[in-house]
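See structure below.
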Amino acid sequence: MRIIKHFIEFLVVKIFFTLFRCVSIDTASNIGGFIGRNVGVYLPVSKIAYNNIKMTFTCLDDREIKDIIFKMWDNLGRVFGEFPHIYNLSKEEFGKRVEVQGIENLNYIKDNQNSGIFFSAHMANWEITPRIPIEHNMNLALIYRAANNKRVDQVICKERNKYGIQLITKGAKMAKQIIASLKTGNAIAMLVDQKMNDGIKVPLLGYNAMTPTAIAKLALKFNCPIIPAQVIRKKGAYFTVKIFSPLEIKVSNNNSQDIFNIMYNINNILSTWITEYPEQWFWVHKRWGNI
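For the record, in the sequence shown the residue sitting at position 238 is 257 according to this note's numbering, with numbers rising by one throughout.
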């Protein structure tokens, strides 16, 4: 049964991606947003989004929560529609659509020939982030969670591979691949806003959330700067990416406390981003478990 389900999912993704490629990125984004607004809001996972928003933004009433969910699905639909185009945009077209702020923080890593770790979240269109270092002649390794459907994952990876991005799947072999990549001077990019059952409890939007610690451990082990990269959707398929200055990392004799402090800082940054643009975050995820 699962084989049939995965095959159907694969066909749906292939069909939509093929159709989206036949139109401009703006049209694909609009179509994706339309589908998201008119289909996504009725999916059972919208209940997860509702509960998450109600818990973390207690000042919002029912109408305001549903408005965020409606806009969230518009954004997610646009991400789906834009995906077949993101890695096919010319450098000129990408530059027209993506305004990069804080480029000096990117150049700091590049000029010092130092490996750096960029982190972002599932906000706006998170596929934008990996292209930024690549466009500035930096080698990049992207750490990602493979899709449960292997065929769908292959479709996704095929797009990302077009820009020569090294893909590192979260799993048993991840640590060795990351270490090897850092030793060669590659920058690392990862999304750090998802639940990790074997992580540590760190507050996010006021509630403890199981938080991945890989980024903190790597930064401490290799003395790598950690750079926040916030993606904001302006209108349609146009974005702003803010590259912030590296986090201030204080090292003590207590490694566990150092890791917690780094992740506490990162989750505070994520909380700020989400509060600023709640409709652009991926709320359909049990980030706080069954709390």
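Ideal Cβ placement from N, Cα and C applies to all residues, glycine included.
Looking at A256, K236, M193 and I285, the one whose alpha-carbon comes closest to that of F113 is A256. DSSP places Y127 in no beta strand (DSSP E) but in the uninterrupted alpha helix (DSSP H) bounded by I122 to D130. Here DSSP, grouped into helix, strand and coil, assigns Q213 to coil. The three-state secondary structure of N287, taken from DSSP, is helix. The C-alpha of H304 is placed about 7 Å away from the C-alpha of I67. Distance between P103 and I262, taken at the CA atoms: about 24 Å. Residue burial annotation: N107 is exposed, with fewer than 16 other C-beta atoms found within 10 angstroms of its C-beta.
Between L223 and R306, the C-beta spacing is below 8 Å. In terms of Cβ geometry, L237 and A206 do not form a close pair [threshold 8 Å].
Non-local beta-carbon contacts of I87 in its own chain, meaning distances under 7 Å to residues more than five positions away in sequence, involve I72, P297 and E298 in chain order.
Contact between I44 and G96 is ruled out by a C-beta separation of about 14 Å, above the 8 Å threshold. Looking at the DSSP output, T230 shares a beta bridge with I219. Taking the C-beta atoms as reference points, I147 is found nearer than 8 Å to F258. Residue pairing from DSSP leaves L201 without any beta-bridge partner. Just measuring C-alpha positions, the residue of I219, Q185 and K202 sitting nearest A208 is Q185. In the structure shown, F113 falls within a helical segment according to DSSP collapsed to helix, strand and coil. Within the region 123 to 186, the complete beta strand (DSSP E) segments of 3 residues or longer fall at 136 to 139 and 159 to 163, listed in chain order. With fewer than three CB-CB distances shorter than 8 Å, the region 235 to 252 does not count as touching the region 25 to 44. Non-local C-beta neighbours of Y69 in its own chain, meaning closer than 7 Å and more than five positions away in sequence, comprise I84 and I88, ordered along the chain.
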